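K.L.:
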Amino acid sequence: MKIKSVSHGLLGVLLCCSVAAFAQTQSAPAPAAAPSPAPAPAPSIWSVGSLDFSGLIDGYYSYNANRPSNAANGQINDLYNFNDKTDQFNLAMAKLTINHNPDPVGVHVDLIFGRANDIMHPSTDKNTDSYIEQAYISATPPKWHGTELDFGQFVTSAGAEVIEAMNDWNYSRSILFAWAIPYYHFGIRTSTPVTKSWTAGVQLVNGWNDVVANNGGVTVGLTSLYTKPKYNWALNYYVGPQNTDTQKANRNLIDTTLNLTPTPKFSAYLNYDYGQNHTDAMGTTPESSAHWQGFAGDLHEQFLPKQALSFRGEFFNDSEGYATGTAQKLKEVTATYEYKWNPGVLTRVEYRRDWSDQPFFHKGNTEMVDAQSTLTVAFIAFFGPKR
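Heads up: the sequence shown is residues -23 to -1, 1 to 364, going by mature numbering (1 follows the signal peptide of the UniProt record, and there is no 0).
1. Quick one: what does DSSP say R150 is sitting in, helix, strand or coil?
2. Out of D127, T124, L153, V195, state which residue places its alpha-carbon closest to the alpha-carbon of E138.
3. Near T261, what residues of its chain come up, given a Cβ to Cβ distance below 6 Å and the 5 sequence neighbours on each side ignored?
4. Cβ of G184 within 9 Å of Cβ of G136?
5. Report the rounded CA-to-CA distance for L68 versus A312, giving the unit in angstroms.
6. Which of the three DSSP states is assigned to Y215 in this structure?
7. Does DSSP put P119 in a helix, a strand or coil?
8. For S107, name the three-state secondary structure that DSSP assigns.
9. Within a Cβ cutoff of 6 Å, which residues of the same chain sit near S201, ignoring the five residues on either side of it in sequence?
10. When you compare the CB positions of E291 and G271, do they come within less than 9 Å of one another, or not?
11. In the DSSP assignment, find the unbroken beta strand (DSSP E) run with A312 in it and report its ends.
12. Taking DSSP as the reference, what is the three-state secondary structure of A17?
13. Nearest chain B C-beta to Q65 closer than 9 Å, yes or no?
14. Leaving out the 5 sequence neighbours to the left and right, which residues in its chain are closer than 6 Å to R345 when beta-carbon positions are compared?
15. By alpha-carbon positions, which one of Y249, D295, F243 ends up nearest to F280?
16. When we look at the beta-carbon of P159 and count the other beta-carbons within 10 Å, is it buried (16 or more) or exposed?
17. Based on the DSSP secondary-structure assignment, which residues constitute the bridge partners of N67?
18. List the whole-angstrom C-beta distance separating N192 from N220, where the pair is believed to meet the contact cut-off of C-beta under 8 Å.
19. Could I get the ranges of all uninterrupted beta strand (DSSP E) runs contained in the segment 176 to 252, with 3 residues as the minimum, in chain order?
20. From the DSSP output, read off the bridge partner residues of I114.
21. Please check the pair L56 and A155, which I expect to be a contact at CB under 8 Å, by giving their CB distance rounded to whole angstroms.
22. Hey, Y214 and L237: beta-carbon distance below 9 Å or not?
23. Whole angstroms is fine: what's the gap from W318's alpha carbon to V189's?
24. Residues in its own chain within less than 8 Å of K283 by CB, not counting five upstream and five downstream?
25. DSSP on R325, reduced to helix/strand/coil?
26. Can you pull the DSSP bridge partners for W355?
27. Let's see if you can read the secondary structure: which residues bound the beta strand (DSSP E) around M345?
28. Quick check on DSSP: helix, strand or coil for R44?
29. If you compare alpha carbons, which of V322, G321, K340, Q349 is closest to Y328?
Next comes the structure, spelled out in structure tokens:
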């Protein structure tokens, strides 16, 4: 059973928002030889008033040395998210973003298409909700002293990586991203600056990857971010009922990430996740439970202005097989080279090796083996305003 099960609801109300534009005039003294006023900066072609438009297209070609067939597993790289289709060209993601920063009310909408959307919303009956990554309204009233409140669908606070590859160091997502944590939540999210360095928040949401709750219960999220010039530390905790049609058992997730930036060119992170899902065993006591946990580390070196190297390694223990469907211990290492052609286009070349203590990976038509090697070339183009 995979952790990332999905249900859909209605989000159309969040897609209706308008923002008024404003203008400003200025006069200067009129001496005998008055200089011409400086021209106003040209408006961005990606902005309409205070509405910003941005987007990206992310495509790739992946080669898997195991050559899994379509009959074996749908011709995919086992364990992967978003760039899982192998031995073919594929669209990982196309995305369009509409954003208005809260002043004091704002709105944010992300629409996604491609393989990322298929994995986040696996239903074959696609509707409007199926193409929404995020859609929420924000409020930051002046008297709230920096507190922000969001309502709608938003990505999870857990994890060291994000859905958009251009904002990650590696192209493929880690095992922890794909199998240990949720993608998104629907509900209320708050964020409050407690001190100059520490921000804390509370979330009340409809579980994991659910717009409509699958059991009538509420999941509580507690978030914390401590930021200093050369490091930041994030700690997140989610707890709430996640089993279908019962509130008698909770799912727990502890996620923490330490990001290090000791120099302008070198960065690193350490990420740990622990998850537990209690199972309602027909009302019996004690309840049974499944556990999963893992650790990941990543190094990133921007050795030239347009070129970078990243190296990731991780370990994941799915002791009862709740996350991946097989009780196993997994390891992976990934090496990624990045070249930025210009501010809006980048290329990544990546080698990745995965291991399991079980014959988990598909090879050819019928064979199962304990390791997998892939080579991927990806192109990402993105656009947006410069504010």
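Glycine included, every Cβ here is placed at the ideal spot set by N, Cα and C.
If you're wondering where the values come from, they're calculated on a predicted model, not measured in any experiment.
P.N.:
Concretely, from the data shown:
1. Counting from one through the sequence shown, the residue named residue 150 turns up at place 173. In this structure, R150 counts as coil in the three-state DSSP scheme.
2. Reading the sequence shown from its first residue, position 161 is the one you call residue 138. Shortest Cα-Cα distance from E138 to any of D127, T124, L153, V195 involves L153.
3. In the sequence shown, the residue the question calls residue 261 occupies position 284. Only weak support exists for where T261 lies, its pLDDT of 47 falling under 50; the value from the coordinates is given anyway. Taken in chain order, the list of residues that qualify is empty.
4. For the purposes of this step, residue 184 is taken as the residue at position 207 of the sequence shown. For the purposes of this step, residue 136 is taken as the residue at position 159 of the sequence shown. It is not a contact, given that the beta carbons lie outside the stated cut-off.
5. As a first step, residue 68 must be located in the sequence shown, where it is residue number 91. As a first step, residue 312 must be located in the sequence shown, where it is residue number 335. So the two alpha carbons sit approximately 21 Å from each other.
6. As a first step, residue 215 must be located in the sequence shown, where it is residue number 238. In this structure, Y215 counts as strand in the three-state DSSP scheme.
7. Here residue 119 is taken as the residue at index 142 of the sequence shown, counted from 1. Judged by DSSP in its simplified three-state form, P119 adopts helix.
8. Counting from 1 along the sequence shown, the entry for residue 107 is found at position 130. Note: S107 maps to helix in three-state DSSP.
9. Residue numbering aside, residue 201 sits at position 224 when the sequence shown is read from its first letter. Short of 6 Å from the beta carbon of S201, and not among the five residues preceding or following it, lie these beta carbons of its own chain, in chain order: A177, L212.
10. Locating residue 291 in the sequence shown gives position 314, counting from the first residue. Locating residue 271 in the sequence shown gives position 294, counting from the first residue. When the beta-carbon positions are compared, E291 and G271 come within less than 9 Å of each other.
11. Indexing the sequence shown from 1 puts residue 312 at position 335. Element bounds for A312: 305 to 319.
12. Residue 17 sits at position 40 when you count from the first residue of the sequence shown. Bear in mind that the predicted position of A17 carries a pLDDT of just 46, short of 50, making it unreliable; the figure below should be weighed with that in mind. A17: coil per DSSP, three-state reduction.
13. Given the protein chain composition of this structure (a single chain), no chain B is represented.
14. Translated into the one-based positions of the sequence shown, residue 345 becomes position 368. According to the sequence displayed, residue 345 carries Met and not Arg. Excluding residues within five positions, the ones whose Cβ falls inside 6 Å are P336.
15. Against the sequence shown, residue 280 aligns to sequence position 303. When only C-alpha atoms are compared, the closest one is F243.
16. The count along the sequence shown starts at 1 and reaches residue 159 at position 182. Buried is the call here.
17. As a first step, residue 67 is located in the sequence shown; it is residue number 90 there, counting from the start. By DSSP's assignment, N67 forms a beta bridge with Y37.
18. Mapped onto the sequence shown, residue 192 falls at position 215. Mapped onto the sequence shown, residue 220 falls at position 243. The Cβ separation is near 7 Å, so the contact holds.
19. Inside the segment 176 to 252, DSSP marks whole beta strand (DSSP E) runs of 3 or more residues at positions 196 to 205, 208 to 218, 227 to 237, from first to last along the chain.
20. By one-based count along the sequence shown, residue 114 stands at place 137. I114 pairs with V84, F128.
21. Stepping through the sequence shown from its first residue, residue 56 is reached at position 79. Stepping through the sequence shown from its first residue, residue 155 is reached at position 178. Correct: roughly 6 Å between the Cβ atoms.
22. Indexing the sequence shown from 1 puts residue 214 at position 237. Indexing the sequence shown from 1 puts residue 237 at position 260. Not a contact, by the Cβ cut-off of 9 Å.
23. Locating residue 318 in the sequence shown gives position 341, where the first residue counts as 1. Locating residue 189 in the sequence shown gives position 212, where the first residue counts as 1. Using only the alpha carbons, I get a separation of about 42 Å.
24. What you label residue 283 is simply residue 306 of the sequence shown in a count that begins at 1. Around K283: Y316, K317, W318.
25. Here residue 325 refers to the residue found at position 348 when the sequence shown is read from its first residue. It is a strand residue.
26. As a position in the sequence shown, residue 355 is number 378, starting the count at 1. This sequence places Ala at residue 355; Trp is not what is there. Y37, R325, per the DSSP bridge assignment.
27. Here residue 345 refers to the residue found at position 368 of the sequence shown. Run containing M345: 344 to 346, per the beta strand (DSSP E) assignment.
28. What you label residue 44 is simply residue 67 of the sequence shown in a count that begins at 1. R44: coil per DSSP, three-state reduction.
29. For the purposes of this step, residue 328 is taken as residue 351 along the sequence shown, with counting starting at 1. Nearest in C-alpha terms to Y328, of all of V322, G321, K340, Q349, is Q349.
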